[in-house]
Each structure stands twice: as structure tokens, then as C-alpha cells.
Amino acid sequence: MITGSQKPLKEIATLVEPYERILILGCGTCVKTCFAGGEDEVAVLASALRLYFKKNYKMVAIDELTIERQCENEFIQEASFKAGQNDAILSLACGAGVQALAKRFAKSPVLPGVNTTFIGIQESPGIFTEECSGCGNCGLAVFGGICPLTRCSKKLLNGPCGGSCRGKCEIDADTDCAWQLIIDRMTLLGQLDNLATYIPPKNWSTSLSGGPRKLIREDHII
Amino acid sequence: MIQAGQQPKITVFHCLNSFRETPQLFEGCQANIVKMACSSMTQDIYLLKAFEAGADAVIVLVCPEQACRYAEGSIRAKKRVTRVKALLDEIGLDGERLSLFNTMAEESVALRHIIQTTLVKLDTIGLNPAFNHYN
Ligand code: SF4
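Residue numbers (our numbering), protein chains in the order written: chain D, 103 to 324; chain G, 3 to 137.
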């Protein structure tokens, strides 16, 4: 999932202030799971903004809607009517959702209400961890399903640095050393010898350094 | 500062076991009482809606943490109240308007003290600035 957290209220208020009618549009998938932009967060933000504007004697009408996903046109079109009724849309989706809305609603300013942070998992209720950098060339098979590019602070590919201490990374005692995790897991799988193979420097041309990426599935294009 | 003749509005959210209304408990204010089956029903949106509806202060009454019938209800309520207090500060409404107390229904003296303390606090921080009292 893609994780994010809501921007501070004051920043959001500054973004929406120039408009008289604003639609807060939630996304019912990733950002709902990480409590940044689902139905509940839309309702709370709408209420907080109403109180904020009332307190400051400003009139901004706030409309609310949450759709299943903001990154797919099939769902985005459910917001068409409300988008047309409002002066701007405050999206509580990830950056992809915001841009998908901007493409779909040419005449509506689309504002981001969420800071998109990383691709991760829900480790336990309320705790989300970064797991994938979307590098475009997955090497998890080599590392026992633990990504050193994302989870090792130095992105080391051929074993730990000298700062690994009792399973923790030297950047802080709460962060697991990814290489300790990799070695433990490979040991458990009986595949520790796999790590003897030298891993060459990462080819970053498949990542963002190669410019914005595009995924094409010819069999789905008519 | 509360003006003479003004009756602050206090909304009280309470779980079934933490509160029982007694005569004169709400002397000097108008009370709106919301009964919850469990304190875990304390949700951010309900607390904010109470302020939107004109509450000058919101009090959440829940059982002591070790006495919560549903184990985690009181803990969840405390965490949500903490979050909404911070949000009220961001809004500029003053997080002090919202408070949580661990009480038992039979503690009528303590409950009375909570209401009176809230009224004293309101006298300092003023009525809800996001609500037009003349409407
Ligand atoms: S301590 Fe472990 S995770 Fe941290 S930088 Fe070194 S190898 Fe990477």
C-alpha cells in the first residue's frame, strides 16, 4: 500500500481559503488504511475546517465525498457531479490520486491534503513501515524477501556495514538492521550460501533517475 | 469571560458505567448528554460535531482503565481525546475545551467537581468562538 499522512490543518486551510466552495474527496483504499484520507478522515477534516473558518469569520462551504480509488477513472467519474458543483477539490489521496483527478477534471483546481510518504505495510495496528522503493527491478529473491535498498539505511547490497549492533541499525536503536534480518532469514531458509554471490552496483535506470516511468500492458490496450 | 446570564453549553459523552445524572449536577450550564454503549465509541468526529453544534466544552467520562468492561475502551477514548485536543489547538479553539475523566457512576461528588471546574475553566478561555451565540 501507499502510505501518507494528512497535512497540518493550517496548511490545508491556506490552500482552500481562496475558494468559496470546496469538495474534500477521500480515497477508500491505501490512504484509508493508514488513516490519512478515508471516509472518517474526510469527515473529521471537514468538521475541523468548518470550525476553523467559522472562528475566523470566513465563509467556505465544504462538501464531502469518498470514492473507492482516486487512481482509476471508473471510480473518479463518481465524483464528477460534485466536482462540477464546487470551486476546487481537496484530495486526500496519494500523489497519484491527486494527479489522476487533475487529469480528469480539467477545470477544477485539485489541491493535495495528504503528504504521500512511502510504499509500505501495516506492521501492527497503527504502525506502518516502508518496505519497497519501487526501483523497477526487484531483487527480493536474492535477499530472502527483505529489501536492502529500502530497509538498509545505506542501501548496501553485499552485507552489513560495521555499524550493525545486536540486530539494530546504527542510525537508531529502534530500526532493525536489514542485513541482520536478511542473514537470519537466509539461515532459516538454508540459503545463506546464496549471499556469497557478488551483487553488482544497482542499475538505477529502471528507477526515477530514468525519468517518469510508464507501465504498458499491450494486451489490455484496444 | 462568561457574561452574567450566559449559560455555557457542555456536552458530556459517557459510557454506561461512568456516569449517573444527579439533581443540580449541571447548575449554571446547559448540558447535552450523550450515552455511549462503550467508551471506545468516543470518535474524533463526534467530539468535533459537538463543538460544531455549539458546545463550549466537551467532557468525556469513561471508566478507569483497569475497570473498563471492554478492556481497551477507556484507553482508546483517552488517545482519541488527546488527538482531538491537539486538533482543537490547531483550529484555534483551545484544546482545553475538551477533557476526559475516569469516573464511576456513583461518584456524584467528583462529577459535580468536574462540571464546576469546567465552568471555571470556561470563564478563563471564554465560550466557543466558532459558534454564534446570538443565532
Ligand atoms: S546497520 Fe544494517 S541497516 Fe544500518 S546501514 Fe548498516 S547494514 Fe544497513
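Cβ coordinates follow ideal geometry from the N, Cα and C atoms, glycine included. If you're wondering where the values come from, they're calculated on a predicted model, not measured in any experiment.
ask   = Can at least three beta-carbon pairs, one atom from the region 138-151 of chain D and one from the region 37-50 of chain G, be found at a separation below 8 Å?
value = With the cut-off at 8 Å, the region 138-151 of chain D and the region 37-50 of chain G touch.
ask   = Is the CB-CB distance between Ala181 of chain D and Leu167 of chain D below 8 Å?
value = Counting from 1 along the first sequence, the entry for residue 181 of chain D is found at position 79. Counting from 1 along the first sequence, the entry for residue 167 of chain D is found at position 65. In this structure, Ala181 of chain D lies near Leu167 of chain D, with their beta-carbon atoms less than 8 Å apart.
inquiry  = Counting only beta-carbon separations shorter than 8 Å, does Phe15 of chain G have a partner in chain D?
reply    = As a working mapping, residue 15 of chain G is identified with position 13 in the second sequence. No, no contact with chain D.
ask   = So does Cys254 of chain D have its beta carbon nearer than 7 Å to some heavy atom of the ligand SF4?
value = Taking the first sequence and counting its residues from 1, one reaches residue 254 of chain D at position 152. Under cutoff, so the answer is yes.
request  = Excluding the 5 residues preceding and the 5 following Ile77 of chain G in the sequence, name in chain order all residues of the same chain whose CB lies nearer than 8 Å to its CB.
outcome  = Residue mapping note: residue 77 of chain G aligns to position 75 of the second sequence, counting from 1. Counting only residues of its own chain and dropping the five nearest sequence neighbours on each side, Ile77 of chain G has a CB closer than 8 Å to the CB of Glu67, Cys70.
inquiry  = Under 8 Å, Cβ to Cβ, is there at least one residue of chain G near Val146 of chain D?
reply    = Numbered from 1 along the first sequence, position 44 holds the residue referred to as residue 146 of chain D. Chain G, which has a Cβ nearer than 8 Å to the Cβ of Val146 of chain D, makes this yes.
Among D:Thr277, D:Gly269, D:Thr252, D:Asn260, nearest to Pro302 of chain D - alpha-carbon criterion = The residue labelled residue 302 of chain D in the question sits at position 200 within the first sequence. Nearest of D:Thr277, D:Gly269, D:Thr252, D:Asn260 to Pro302 of chain D, Cα basis: D:Asn260.
task = Output the boundary residues of the beta strand (DSSP E) element that contains Ala202 of chain D.
result = Along the first sequence, one-based indexing puts residue 202 of chain D at 100. Where Ala202 of chain D is concerned, there is no enclosing beta strand (DSSP E), although the alpha helix (DSSP H) it sits in stretches over 197-206.
task = Return the chain-ordered list of same chain residues with a C-beta closer than 7 Å to the C-beta of Lys80 of chain G, the five sequence neighbours on each side being excluded.
result = On the second sequence, position 78 is the one that residue 80 of chain G refers to. Leu102.
request  = List the residues of chain G that Pro328 of chain D touches, going by C-beta distances under 9 Å, in chain order.
outcome  = One cannot answer for residue 328 of chain D here, as it falls past the ends of chain D, which runs 103 to 324.
query = What is the DSSP secondary structure of Phe326 of chain D, counted as helix, strand or coil?
reply = Since the first residue of chain D shown is 103 and the last is 324, residue 326 of chain D is not available in this structure.
ask   = In whole angstroms, what separates the C-alpha of Gln224 of chain D from that of Cys132 of chain D?
value = For the purposes of this step, residue 224 of chain D is taken as the residue at position 122 of the first sequence. For the purposes of this step, residue 132 of chain D is taken as the residue at position 30 of the first sequence. If I take the Cα positions, the gap works out to 10 Å.
Pro262 of chain D: CB within 7 Å of a non-hydrogen atom of the ligand SF4 = Reading the first sequence from its first residue, position 160 is the one you call residue 262 of chain D. Yes, Cβ of Pro262 of chain D sits closer than 7 Å to a heavy atom of the ligand SF4.
Burial state of Leu129 of chain G (16 or more Cβ within 10 Å) = For the purposes of this step, residue 129 of chain G is identified with residue 127 of the second sequence, where counting begins at 1. The residue is buried, with at least 16 neighbouring Cβ atoms inside 10 Å.
ask   = Any beta-carbon of chain G closer than 8 Å to the one on Phe111 of chain D?
value = Here residue 111 of chain D refers to the residue found at position 9 when the first sequence is read from its first residue. The sequence given here has Leu at residue 111 of chain D, not Phe. Chain G, which has a Cβ nearer than 8 Å to the Cβ of Leu111 of chain D, makes this yes.
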